[in-house]
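First the structure, in the form of C-alpha coordinates, and then the observations on it.
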Amino acid sequence: LGSRLRDRADVAQLRSAGCQSHVDRGAACYHQGVNQHETLAFLGLGTMGESMARRLLPLCAQLWVYNRSASAAQSLIAQGAHAAESPAEAAARASVVFVCVANDAATREVLLSPDSGALGAMRSGSRLVDCGTSSPELT
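Numbering (the numbering used here), first residue to last: 1 to 139.
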(Lines of atoms letter the chains of each structure in order from A; the text may use other names.)
(Lines give C-alpha, C1' and ligand atoms only; values in the text may rest on other atoms or scores of the structure.)
Protein backbone atom coordinates (compact mmCIF):
# COMPACT_ATOMS: atom_id res chain seq x y z
CA LEU A 1 0.00 0.00 0.00
CA GLY A 2 3.06 2.15 0.58
CA SER A 3 3.17 5.88 -0.11
CA ARG A 4 -0.45 6.40 -1.14
CA LEU A 5 -1.59 6.91 2.48
CA ARG A 6 0.43 9.69 4.01
CA ASP A 7 1.19 13.14 2.71
CA ARG A 8 3.27 15.21 5.13
CA ALA A 9 1.74 18.47 3.86
CA ASP A 10 -1.74 17.20 4.81
CA VAL A 11 -0.50 16.21 8.27
CA ALA A 12 1.09 19.63 8.75
CA GLN A 13 -2.13 21.33 7.67
CA LEU A 14 -4.17 19.32 10.18
CA ARG A 15 -1.73 20.11 12.97
CA SER A 16 -1.78 23.83 12.17
CA ALA A 17 -5.59 23.68 12.37
CA GLY A 18 -5.28 22.29 15.89
CA CYS A 19 -5.96 18.66 15.01
CA GLN A 20 -3.26 16.76 16.83
CA SER A 21 -4.06 13.11 17.16
CA HIS A 22 -7.74 12.33 17.50
CA VAL A 23 -8.97 10.73 14.28
CA ASP A 24 -12.49 12.15 14.48
CA ARG A 25 -11.04 15.65 14.80
CA GLY A 26 -8.99 14.88 11.69
CA ALA A 27 -12.16 14.32 9.68
CA ALA A 28 -13.71 17.45 11.13
CA CYS A 29 -10.65 19.50 10.21
CA TYR A 30 -10.42 17.94 6.74
CA HIS A 31 -13.02 20.48 5.62
CA GLN A 32 -10.17 22.93 5.00
CA GLY A 33 -9.13 20.81 2.04
CA VAL A 34 -12.54 19.76 0.74
CA ASN A 35 -13.87 21.46 -2.32
CA GLN A 36 -17.66 21.60 -2.03
CA HIS A 37 -17.78 20.14 -5.55
CA GLU A 38 -15.73 17.13 -4.45
CA THR A 39 -17.11 13.62 -4.13
CA LEU A 40 -15.94 11.62 -1.12
CA ALA A 41 -16.21 7.93 -0.24
CA PHE A 42 -16.27 6.48 3.25
CA LEU A 43 -15.63 2.76 3.75
CA GLY A 44 -16.36 1.36 7.20
CA LEU A 45 -19.23 2.78 9.22
CA GLY A 46 -18.66 1.49 12.72
CA THR A 47 -18.88 3.79 15.72
CA MET A 48 -15.95 5.95 14.65
CA GLY A 49 -16.48 5.74 10.88
CA GLU A 50 -20.16 6.66 10.99
CA SER A 51 -19.43 9.74 13.11
CA MET A 52 -16.64 10.86 10.82
CA ALA A 53 -18.72 10.32 7.68
CA ARG A 54 -21.64 12.26 9.19
CA ARG A 55 -19.34 15.23 9.80
CA LEU A 56 -18.06 15.15 6.22
CA LEU A 57 -21.50 14.84 4.60
CA PRO A 58 -22.41 18.55 4.59
CA LEU A 59 -18.94 19.54 3.37
CA CYS A 60 -18.90 17.82 -0.01
CA ALA A 61 -20.92 17.53 -3.19
CA GLN A 62 -21.60 13.81 -2.68
CA LEU A 63 -20.67 11.20 -0.10
CA TRP A 64 -20.66 7.55 -1.12
CA VAL A 65 -20.67 5.08 1.78
CA TYR A 66 -19.99 1.36 2.09
CA ASN A 67 -20.15 -1.00 5.03
CA ARG A 68 -20.17 -4.82 5.07
CA SER A 69 -23.53 -4.70 6.85
CA ALA A 70 -25.62 -2.36 4.73
CA SER A 71 -27.87 -1.46 7.65
CA ALA A 72 -25.04 0.57 9.18
CA ALA A 73 -25.34 3.06 6.31
CA GLN A 74 -29.07 3.74 6.67
CA SER A 75 -28.87 6.83 8.87
CA LEU A 76 -26.32 8.43 6.53
CA ILE A 77 -28.41 7.57 3.49
CA ALA A 78 -31.41 9.19 5.17
CA GLN A 79 -29.28 12.34 5.52
CA GLY A 80 -28.30 12.38 1.83
CA ALA A 81 -25.36 10.00 1.43
CA HIS A 82 -25.35 7.47 -1.41
CA ALA A 83 -25.03 3.73 -0.80
CA ALA A 84 -22.36 1.84 -2.72
CA GLU A 85 -22.67 -1.89 -3.37
CA SER A 86 -18.91 -2.41 -2.95
CA PRO A 87 -15.77 -0.57 -1.87
CA ALA A 88 -14.78 -0.43 -5.55
CA GLU A 89 -18.02 1.33 -6.53
CA ALA A 90 -17.57 3.98 -3.84
CA ALA A 91 -13.89 4.49 -4.67
CA ALA A 92 -14.51 4.79 -8.41
CA ARG A 93 -16.87 7.72 -7.79
CA ALA A 94 -14.68 9.67 -5.35
CA SER A 95 -11.67 11.94 -5.39
CA VAL A 96 -10.97 11.17 -1.71
CA VAL A 97 -11.55 7.73 -0.14
CA PHE A 98 -11.64 7.34 3.64
CA VAL A 99 -11.18 3.88 5.15
CA CYS A 100 -12.07 3.25 8.78
CA VAL A 101 -12.06 -0.48 9.50
CA ALA A 102 -11.06 -2.56 12.52
CA ASN A 103 -7.90 -4.46 11.58
CA ASP A 104 -5.41 -5.54 8.92
CA ALA A 105 -7.66 -8.28 7.53
CA ALA A 106 -10.54 -5.85 7.03
CA THR A 107 -8.20 -3.25 5.51
CA ARG A 108 -6.85 -5.81 3.02
CA GLU A 109 -10.39 -6.93 2.13
CA VAL A 110 -11.72 -3.40 1.58
CA LEU A 111 -8.69 -2.17 -0.36
CA LEU A 112 -7.21 -5.20 -2.10
CA SER A 113 -10.01 -7.68 -2.79
CA PRO A 114 -9.65 -8.80 -6.44
CA ASP A 115 -13.40 -8.52 -7.03
CA SER A 116 -14.36 -5.39 -5.11
CA GLY A 117 -11.24 -3.70 -3.69
CA ALA A 118 -11.20 0.06 -3.54
CA LEU A 119 -7.54 0.54 -4.43
CA GLY A 120 -7.88 -0.92 -7.93
CA ALA A 121 -10.96 1.21 -8.66
CA MET A 122 -9.55 4.56 -7.56
CA ARG A 123 -9.08 7.17 -10.26
CA SER A 124 -5.68 8.61 -11.04
CA GLY A 125 -5.00 11.55 -8.73
CA SER A 126 -7.50 10.51 -6.08
CA ARG A 127 -6.41 10.30 -2.43
CA LEU A 128 -6.74 7.59 0.19
CA VAL A 129 -7.03 8.39 3.90
CA ASP A 130 -6.64 5.42 6.27
CA CYS A 131 -8.37 6.17 9.57
CA GLY A 132 -8.61 2.60 10.77
CA THR A 133 -6.56 0.54 13.18
CA SER A 134 -4.21 -1.01 10.63
CA SER A 135 -0.72 -2.06 11.61
CA PRO A 136 2.23 0.15 10.60
CA GLU A 137 3.52 -2.75 8.47
CA LEU A 138 0.38 -2.72 6.33
CA THR A 139 0.10 1.00 5.84
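Glycine is no exception: its CB is placed at the ideal position from the N, C-alpha and C atoms.
The straight-line gap separating the alpha-carbon atoms of E109 and S135 is approximately 14 angstroms. Per DSSP, A88 is not a residue of any beta strand (DSSP E); the alpha helix (DSSP H) it occupies stretches across P87 to R93.
Nearest to L128 by C-alpha distance, out of F98, G117 and A106, is F98. A direct Cα-to-Cα measurement between A83 and R93 gives close to 11 angstroms. When the Cα atoms are used, L138 and T107 turn out to be separated by approximately 9 angstroms. In the structure shown, the three-state DSSP call for L63 is strand. Between the stretch 65-79 and the stretch 41-55 there are three or more inter-stretch CB-CB distances shorter than 8 angstroms, so the stretches are counted as touching.
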